[in-house]
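Visitor: Just passing along the structure, written as structure tokens.
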Amino acid sequence: MTINDHIMITAKNLTKVYSGTTVLDITDLLIPVGESFGLVGNNGAGKTTFFRLILDLIRPQTGLVTSKEKNVAGREDWKNYTGSYLDRNFLIDYLTPEEYFEFNGRIHGLSKEDIAQFMESMMDFFNDEVLGKKKFIRDLSRGNQQKIGVAAALMADPEVLILDEPFNSLDPSSQIRLKNMLNKLKKEKQVTMMISSHDLNHVTEVCDRIAILEKGIIVKDLKTTESTLKELQSYFAV
Amino acid sequence: MKRSNIWQRNLAANIGIGFLVILLLFYLLLIGLFLDPVLRDLFPDREPASVFNSILLYYFMFDLFIRYMMQGLPTFDIESFLHLPVKRSSVVHFMMFRSGLNLLNFLPMLVFVPFALTGLAAVYSSLQVFGWILSMIFLIFMNNFIATYLKRQLVSKAWITGLAGLALIVIAVLDGFGFIKLTNISGLIFDNLAKQPLLCLIPFVLMGLAYLLQYFFLLARMYPEEIIRRKTYDVSDIPRIKYLESMGLTGDLIMLEMKLWWRHKRTKSMIYLLPLFVLYGFFFYPMPQYKNQWGFLVFVGIFMSGGLMMNYLNYAFGYESNYFDGILTRKIDMSRYIRAKMTIGMLICTFCYFITIPYVFFGWHILFINTVTYLFNIGFLSFLLLFMATYNKMRMDLSKSSSFNYQGVSAMNWLVLLPAFLLPVIIFLPFSLLGMKYVGLSIIGLIGISGFLFRKYWIRQITGSFFARKYIMAEGFRGN
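Take a look at the structure:
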């Protein structure tokens, strides 16, 4: 087994420039298989830009992102094992939640039973507010839309999970449920996760490793320990 | 943080659009200036002023219809005023004032005023001309307020729109055949408005009433949720289609597209427009002057079976702006995604073609023309349109727009397509001049068939262009 077998995602000399301003500049980042990687930073730090680069939604100025040792740009194979939810641009909002899960499940080759079972497994997380409401996604609240997007990312057992601020606009119970779900995935299925968050508590509870992004540069890269939360809090204190 | 600047990015497009707007204004002005001699030429035994007056009633009905379809509700940002210390009545007046600034209220003036100063001035005194112009202004603004009022009352009843449009056409046709004489009534009304300047008080009062009607209507419904009525849709509107499900990804994508079309006002109104595209032939086939204008009939054929397909394929990706990122990151084989779009376009085209078959009533040559143009549409135009669609990066937010909202549609896009529409006519004309009409038509058909046979090649080209352009498209569709 070479060292590369342990690496899921890498970013090398990755930069993105908008109108002359460098908004992201990551020289070398390795994410091992099964690691849960947290990304924190203030608005405009480049978190979403980084995630969009990983998902090949924008073109990097220089450098590349690899997934399982292959450049993600222009390729489609990483889509088979990567679940993601960044924002509402991922939701097909004129479908009902059921139709959306069915569409997502079918493109991943899940059977009707698989899809039904998946929705069943999300019952707690949805808290009776999502399924069977006879409403389109566009008519649901932000929090429920967020739940649908995150849940869809978990469909079809992804090996890599990329979530941009998944705790946003969730109510407290849902935040805790999501946290438990992510921790379970980490423990039982060794899913590689990349999660950004504005909530320092949540991210320290879910992630083994936390990086602070500031103006596009990773200024700190910490293994999560008992003192990490304090360290993060003091970093962001004004 | 500064991301790319929208104005900068679209500078070329904006210059193009600006140029087109100036061109449009110029044309309208030209029409206004030369309407008098043109009408004198067309109706030598009547005064241009009376001819013009006799069609004005139609103009205002048509104007109301167009406004009802196109004019947006000026209420979307009402929420940002409600919490400010401003009197509610002032907010309503402001909203209505802003709706009055619509370009549609000023464009007609470019025709009316020059014509009044030429055609009308030939018959009436300057005071009378002035009264007539005032009447026109009042009636235009009356329409403005009535249209927005109607729109709020009948939010998104697409079939009412269709019915009203159809009724207007039927009345006009009956008038043309002399069954009813709305033109006489129109002439009576507007001739008198011109004769007696003081009568312009009547349009003024009508405008005031329309204003008050809308004012009190809005004042009583100052909460946004009451003004912008959310239409509730039936979520089980589209049945499962077993056949599509058995097709796998392609079928799923087609199903998705059907839901998209059925569940948005804007696309739904396009479906109601279908008869307009297909009825096109009725305007031209019976007319003797087009009987032998085969080149023109070729154009009609292209338009009838291709019109709706063009509307779909030209914006095939733009329609999915709201979730394009989702499409790009999911396990969707992009060449099959492209093929699904192509299939839908061809199905629409085929459907329209079948509806036009009864036109064979006007002669076998019509059927022949429509068949070759149909082949040309699915074998050539369809691929070209989808290829061009990869160059369209305008965000189209279907969830926000009402029916007949043209946000996300650029004039440049259509200009580029014009040659494609004229190409079959250009191919046909030399053969027609040599007296080999059927040879020319057959060649158009053959181009279509051979294009269709090479569809794999075309799909590869389009997929290639899609991959090369997907970042630019996705950025445009995100709209930030």
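Chains as they are written, first to last, in this note's numbering: chain X, 1 to 238; chain E, 1001 to 1480.
Heads up, the beta-carbon is just placed ideally off N, CA and C, and yes, glycines get one too.
Remember, predicted model here, so these are calculated numbers, not experimental data.
#1: For glutamate 76(X), return the contacting residues in chain E, with the cut-off set at a CB-CB distance below 9 Å.
#2: Applying the 10 Å Cβ sphere with the 16-neighbour rule, what's the burial state of lysine 1181(E)?
#3: What is the DSSP secondary structure of alanine 211(X), counted as helix, strand or coil?
#4: Hey, quick one: how far does the alpha helix (DSSP H) through alanine 237(X) stretch, first residue to last?
#5: Taking only the alpha-carbon atoms, compute the straight-line gap between proline 1419(E) and glutamine 1461(E) and give it to the nearest angstrom.
#6: Among all the DSSP beta bridges, which residues are the ones paired with asparagine 1102(E)?
#7: Expressed to the nearest angstrom, what Euclidean distance is found between the alpha-carbon atoms of phenylalanine 1376(E) and alanine 11(X)?
#8: Once the 5 residues before and after leucine 1384(E) are set aside, which same chain residues still bring their CB inside 7 Å of it?
#9: Is threonine 192(X) closer than 7 Å to valine 40(X) when the C-beta atoms are compared?
#10: Rounded to whole angstroms, what's the CA-CA distance from tyrosine 235(X) to lysine 220(X)? Just pull it up for me.
#11: Roughly how many angstroms lie between the CA atoms of arginine 1003(E) and tyrosine 18(X), to the nearest whole one?
#12: Which residues in the same chain as asparagine 1370(E) place their Cβ atom closer than 6 Å to its Cβ, once the five residues preceding and following it in sequence are excluded?
#13: Pick helix, strand or coil for threonine 1390(E), following the three-state DSSP scheme.
#14: Let me know the secondary structure DSSP gives isoleucine 1241(E) once reduced to three states.
#15: Quick one: residues in its chain with C-beta nearer than 8 Å to the C-beta of phenylalanine 103(X), no 5 flanking neighbours on either side, listed in chain order?
#16: Can you find a C-beta in chain E that's less than 7 Å from the C-beta of tyrosine 100(X)?
#17: Write down the C-beta distance between alanine 1049(E) and leucine 1120(E) rounded to the nearest angstrom, noting that I regard them as a contact closer than 8 Å.
#18: Decide if phenylalanine 126(X) is buried, meaning its Cβ has at least 16 other Cβ atoms within 10 Å, or exposed.
#19: DSSP three-state label for asparagine 71(X), please.
#20: CA-CA distance, serine 1402(E) and arginine 1266(E)?
#21: Quick check: does the Cβ of histidine 202(X) come within less than 6 Å of any heavy atom belonging to the ligand ATP?
#22: Taking DSSP as the reference, what is the three-state secondary structure of methionine 193(X)?
#23: Just to make sure I have the definition right: I need the residues of chain X whose C-beta is within less than 8 Å of the C-beta of lysine 1259(E). Which are they?
#24: Judging by CA-CA distance, which residue of Lys187(X), Glu188(X), Ile217(X) and Lys230(X) is the nearest neighbour of leucine 200(X)?
#25: Can you pull the chain X residues whose beta carbon is under 7 Å from the beta carbon of phenylalanine 1467(E), in chain order?
#26: Quick one: Cα of lysine 70(X) to Cα of leucine 55(X), how far?
#27: From threonine 1350(E) to glycine 1307(E), what distance separates their C-alpha atoms?
#28: According to DSSP, is serine 84(X) helix, strand or coil?
#29: By DSSP, does leucine 1434(E) sit in helix, in strand, or in coil?
#30: Taking arginine 1478(E) as the query, report the chain X residues whose CB atoms sit under 8 Å from its CB, ordered along the chain.
#31: Determine which residues share a DSSP beta bridge with isoleucine 31(X) and list them.
#32: According to DSSP, isoleucine 26(X) sits in a beta bridge with which residue or residues?
#33: Could you name the residues that DSSP lists as bridge partners for leucine 163(X)?
#34: Which residues of chain X have a Cβ atom closer than 8 Å to the Cβ of glycine 1326(E), listed in chain order?
#35: Quickly, what does DSSP pair isoleucine 1426(E) with across the bridge? List them, please.
#36: Who are the neighbours of histidine 108(X) on chain E, taking C-beta pairs under 9 Å?
Guide: Once the coordinates are examined:
#1: Within chain E, the residues near glutamate 76(X) are Lys1331, Ile1332, Asp1333 and Met1334.
#2: Per the 10 Å Cβ criterion, exposed.
#3: Here alanine 211(X) sits in strand by DSSP.
#4: That residue, alanine 237(X), is in no alpha helix (DSSP H); it is neither H nor E in DSSP.
#5: Cα atoms of proline 1419(E) and glutamine 1461(E): separation of roughly 20 Å, rounded to the nearest angstrom.
#6: Secondary-structure assignment with DSSP links asparagine 1102(E) through no beta bridge to anything.
#7: Roughly 48 Å separates the two Cα atoms.
#8: Hits under 7 Å: Ala1420.
#9: Contact: no.
#10: Roughly 10 Å separates the two Cα atoms.
#11: A caution first: arginine 1003(E) carries a pLDDT of 44, below 50, which makes its placement in the model unreliable, though a value can still be read off. Straight through space, the alpha carbons of tyrosine 18(X) and arginine 1003(E) are spaced by roughly 5 Å.
#12: Cβ within range, chain order: Gly1301 and Thr1356.
#13: Under the three-state reduction of DSSP output, threonine 1390(E) falls in the coil class, being neither helix nor strand.
#14: Isoleucine 1241(E) falls in the coil class under three-state DSSP.
#15: In the same chain as phenylalanine 103(X), and ignoring 5 residues on each side of it, the C-beta atoms closer than 8 Å to its own belong to Ile92 and Leu95, in chain order.
#16: It does not: the Cβ of tyrosine 100(X) has no partner Cβ on chain E nearer than 7 Å.
#17: With a beta-carbon spacing of about 5 Å, alanine 1049(E) and leucine 1120(E) fall inside the 8 Å limit used to define contacts.
#18: By the 10 Å Cβ count, phenylalanine 126(X) comes out buried.
#19: In this structure, asparagine 71(X) counts as strand in the three-state DSSP scheme.
#20: Only weak support is given to the placement of serine 1402(E): the predicted model assigns it a pLDDT of 49, under 50, and the value that follows is read from those uncertain coordinates. Serine 1402(E) and arginine 1266(E): Cα-Cα distance of roughly 6 Å.
#21: You won't find the ligand ATP in this model; it holds no ligand whatsoever.
#22: The answer is strand: DSSP assigns methionine 193(X) an E or B state.
#23: The contact set of lysine 1259(E) on chain X, defined by CB atoms closer than 8 Å, consists of Tyr94, Leu95 and Glu99 in chain order.
#24: It is Lys230(X) whose Cα lies nearest to the Cα of leucine 200(X).
#25: Going along chain X in sequence order, the residues near phenylalanine 1467(E) (Cβ under 7 Å) are Gly74.
#26: Roughly 13 Å between the two C-alpha positions.
#27: One alpha carbon belongs to threonine 1350(E), the other to glycine 1307(E), and they sit about 12 Å apart.
#28: Here serine 84(X) carries a strand assignment [DSSP, helix/strand/coil].
#29: Leucine 1434(E) falls in the coil class under three-state DSSP.
#30: Under the 8 Å cutoff, chain X gives Asn89.
#31: Beta-bridge annotation (DSSP): isoleucine 31(X) is paired with Ile9(X).
#32: Partner(s): Leu14(X).
#33: Residue pairing of leucine 163(X) in beta bridges, as defined by DSSP: Tyr85(X) and Ile195(X).
#34: Per Cβ cutoff of 8 Å: Asn89, Phe90, Leu91 and Ile92.
#35: Paired residue(s): none; isoleucine 1426(E) is not in a bridge.
#36: Per Cβ cutoff of 9 Å: Arg1330 and Lys1331.
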